[in-house]
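*Asks:* In the working numbering, the protein residues as written are 283 to 766.
C-beta: ideal position from N, C-alpha, C; glycine also.
All values derive from a computational prediction rather than experimental measurement.
So that we are looking at the same thing, I have put the structure below in structure tokens.
Laid out in structure tokens, this is it:
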């Protein structure tokens with residue numbers, strides 16, 4: 283059960299009718315079957331029960347996320363709030379009182395989460411907290427409170443601003459629920475803007491390695507990705523407690539709490555929603571990181587942006603450190619990054635309006651998306667794929683402004699069977715074990731094989747005719763069927 287209304291006077295009936303149009307289930311409990319029948323005749327799920335007995339209320343209603351206490355009598359309201367709090371210690375309790383109920387208000391406020399008068403202009407705002415988003419927030423709180431030990435909030439490998447800020451934000455939410463938490467990541471933070479973000483905002487992040495003792499953590503949360511062992515260094519069989527992500531998953535996600543909403547442009551937007559519903563004002567460092575996360579993942583509000591992202595930015599502006607954002611956006615660029623972007627330009631290969639390029643041996647994988655964005659600015663190019671490799675892994679970053687292409691799906695189809703891949707319609711990435719591409723290949727040929735295999739597989743998935751001579755040589759690697 284999502285929402286419970288305890289007592290239903292005239293104002294309670296008005297609230298119930300408004301809540302009927304909102305997502306989720308709703309149950310009304312009143313004294314007496316006669317009153318319950320009257321409400322049922324009006325299309326409301328109502329049942330008669332002893333509303334002064336918390337055990338009876340819980341037996342009839344089961345688990346609930348929020349309780350609205352709304353009888354007409356202030357003394358009843360005070361008693362019902364006590365019953366609601368005893369029956370559901372973790373639920374959000376909203377009490378409605380008459381404007382002149384001053385004698386009972388103090389006692390009601392002591393036990394309810396919010397108290398509103400019938401004419402309170404914030405009533406709609408608070409009803410939202412008893413609605414779908416509020417229910418999601420309370421479920422998250424319930425899971426957080428049940429973590430036995432420190433929660434590891436794990437961003438994806440080599441985290442970007444959205445993942446970094448989301449990890450720091452969820453850590454703040456966990457601590458507000460009374461749970462110790464650490465913001466963690468595997469890999470490196472090499473991108474100059476990402477390093478500036480962490481350093482200037484003084485984020486306390488823990489860099490995990492394969493040798494890290496994970497048994498010290500009492501639970502695990504994933505932000506900006508959704509599966510352990512896929513784009514993070516956790517073992518694939520790690521039990522996950524919380525997932526918050528805005529990327530559409532390809533497989534079912536297993537966790538005690540899952541929030542996957544691909545209708546927003548960033549995970550930072552989702553994290554801010556929780557902070558807002560919990561009435562937690564972010565400090566300047568957190569607000570600046572979240573705003574920067576929203577801006578970068580939506581490419582300055584020009585890519586896969588939703589109304590919620592604009593609302594999040596508007597909410598955050600009053601808290602951010604503007605000078606820090608300017609310094610983050612204008613960091614020094616390393617020579618290594620410039621070399622990788624230069625290699626991407628020199629090594630480019632173009633078929634129609636699609637461009638691929640291999641930058642060769644890779645030390646800074648954060649330069650790949652920068653190169654992919656830069657190449658997308660070329661005249662006549664609508665889609666770019668930039669990749670490089672280490673001894674163990676090929677890293678791929680892709681960008682597109684072609685409305686007919688869903689890059690996330692393209693990369694999953696091209697590389698999902700030999701590695702991990704995914705993302706959004708306009709931006710996506712992949713990681714492919716080198717061993718999947720270099721079976722029985724001489725070391726001297728590894729670079730050529732990787733370059734041809736990745737490029738040809740990508741072109742083939744997009745339906746672009748292959749260079750038949752190259753395709754026949756690499757058919758075993760790229761899975762090309764029906765060559766003429």
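What residue range does the alpha helix (DSSP H) around residue 579 cover?
*Replies:* First-last of the alpha helix (DSSP H) with residue 579: 566–579.
*Asks:* How about residue 693 and residue 707: do their beta carbons lie closer than 8 angstroms?
*Replies:* Not closer than 8 angstroms, so no.
*Asks:* Threshold first: 3 residues or longer. Then list the beta strand (DSSP E) segments lying entirely within the region 662–705, N to C.
*Replies:* Entirely contained in the region 662–705, the beta strand (DSSP E) runs reaching 3 residues are, in chain order, 665–671, 675–682, 702–705.
*Asks:* Note down, in chain order, each residue of its chain lying with its Cβ closer than 8 angstroms to the Cβ of residue 520, except the 5 sequence neighbours on either side.
*Replies:* 496, 502, 510, 511, listed in sequence order.
*Asks:* Does the contact criterion of 3 or more C-beta pairs under 8 angstroms hold for the region 478–485 versus the region 581–594?
*Replies:* No, because fewer than three Cβ pairs between the region 478–485 and the region 581–594 fall closer than 8 angstroms, the two stretches do not touch.
*Asks:* Between residue 657 and residue 631, which are expected to be in contact by the criterion C-beta below 8 angstroms, what is the C-beta distance as a whole number of angstroms?
*Replies:* That belief does not hold up - the Cβ atoms of residue 657 and residue 631 are roughly 11 angstroms apart, past 8 angstroms.
*Asks:* DSSP three-state label for residue 586, please.
*Replies:* The answer is coil: DSSP assigns residue 586 none of H, G, I, E or B.
*Asks:* Taking 8 angstroms as the cut-off, decide whether the C-beta atoms of residue 394 and residue 376 are in contact.
*Replies:* Contact flag set, yes.
*Asks:* Kindly give me the distance between the Cβ atoms of residue 681 and residue 709, rounded to whole angstroms, as I take these residues to be in contact under 8 angstroms.
*Replies:* Residue 681 to residue 709, Cβ: 6 angstroms. Contact.
*Asks:* Could you give the uninterrupted runs of the beta strand (DSSP E) lying entirely in the region 415–443, keeping only those of 3 residues or more?
*Replies:* Correct list: 432–436.
*Asks:* Please list, in chain order, all residues of the same chain as residue 718 whose beta carbon is under 7 angstroms from its beta carbon, the five residues on each side excluded.
*Replies:* Contacts found: 700, 701.
*Asks:* Compute the Euclidean distance between the alpha carbons of residue 328 and residue 593, then round it to the nearest angstrom.
*Replies:* Going from the Cα of residue 328 to the Cα of residue 593 covers about 37 angstroms.
*Asks:* Take residue 703 and list the residues in its own chain whose beta-carbon comes closer than 6 angstroms to its own, dropping the five residues that flank it on each side.
*Replies:* Excluding positions up to five away in sequence, the list reads 693, 694, 697, 712.
*Asks:* Is it buried or exposed for residue 417, if we count other Cβ within 10 angstroms and need 16 for buried?
*Replies:* Flag for residue 417 reads buried.
*Asks:* Does any residue of chain B have a CB that is nearer than 8 angstroms to the CB of residue 591?
*Replies:* Absent here is chain B; the protein component of the structure consists of one chain.
*Asks:* Take residue 641 as the anchor and find which of 425, 488, 619, 633 has the nearest alpha-carbon.
*Replies:* Per the Cα distances, 619.
*Asks:* With a threshold of 16 other CB atoms inside 10 Å of the CB of residue 488, please say whether the residue is buried or exposed.
*Replies:* So residue 488 counts as exposed.
*Asks:* Buried or exposed for residue 604, please, with buried defined as at least 16 other CB atoms from any protein chain shown within 10 angstroms of its CB.
*Replies:* It is exposed - the Cβ of residue 604 has fewer than 16 other Cβ atoms within 10 Å.
*Asks:* I need the straight-line Cα distance from residue 556 to residue 419, nearest angstrom please.
*Replies:* Using only the alpha carbons, I get a separation of about 6 angstroms.
*Asks:* Using only the alpha-carbon positions, how far apart do residue 668 and residue 639 sit?
*Replies:* Rounded to the nearest angstrom, the two C-alpha atoms are 5 angstroms apart.
*Asks:* Rounded to whole angstroms, what's the CA-CA distance from residue 746 to residue 513? Just pull it up for me.
*Replies:* Roughly 29 angstroms separates the two Cα atoms.
*Asks:* What beta strand (DSSP E) runs, 3 residues minimum, are completely inside the region 352–383?
*Replies:* Whole beta strand (DSSP E) segments, 3+ residues: 374–379.
*Asks:* Relative to the C-alpha of residue 493, which candidate in 504, 515, 479, 500 has its C-alpha closest?
*Replies:* Among 504, 515, 479, 500, the Cα nearest to that of residue 493 belongs to 515.
*Asks:* So, is residue 302 buried or exposed, given that buried needs 16 or more other C-beta atoms within 10 angstroms?
*Replies:* Flag for residue 302 reads exposed.
*Asks:* Cβ atoms of residue 443 and residue 578: under 8 angstroms apart, would you say?
*Replies:* Cβ distance < 8 angstroms, so residue 578 and residue 443 count as in contact.
*Asks:* I'd like to confirm the pairing. Which residues does DSSP put opposite residue 713 in its beta bridges?
*Replies:* Its beta-bridge partners are 677, 702.
*Asks:* Which complete beta strand (DSSP E) runs does the region 307–339 hold, if anything under 3 residues is left out?
*Replies:* Entirely contained in the region 307–339, the beta strand (DSSP E) runs reaching 3 residues are, in chain order, 308–312, 328–330.
*Asks:* Which one of 453, 597, 591, 429 has the shortest CA to CA distance from residue 545?
*Replies:* Among 453, 597, 591, 429, the Cα nearest to that of residue 545 belongs to 591.
*Asks:* For residue 373, which option in 379, 345, 310 has the closest C-alpha, if you only look at C-alpha atoms?
*Replies:* Out of 379, 345, 310, 345 has the C-alpha closest to the C-alpha of residue 373.
*Asks:* Can you tell me which of the three DSSP states residue 610 falls into?
*Replies:* Residue 610 falls in the helix class under three-state DSSP.
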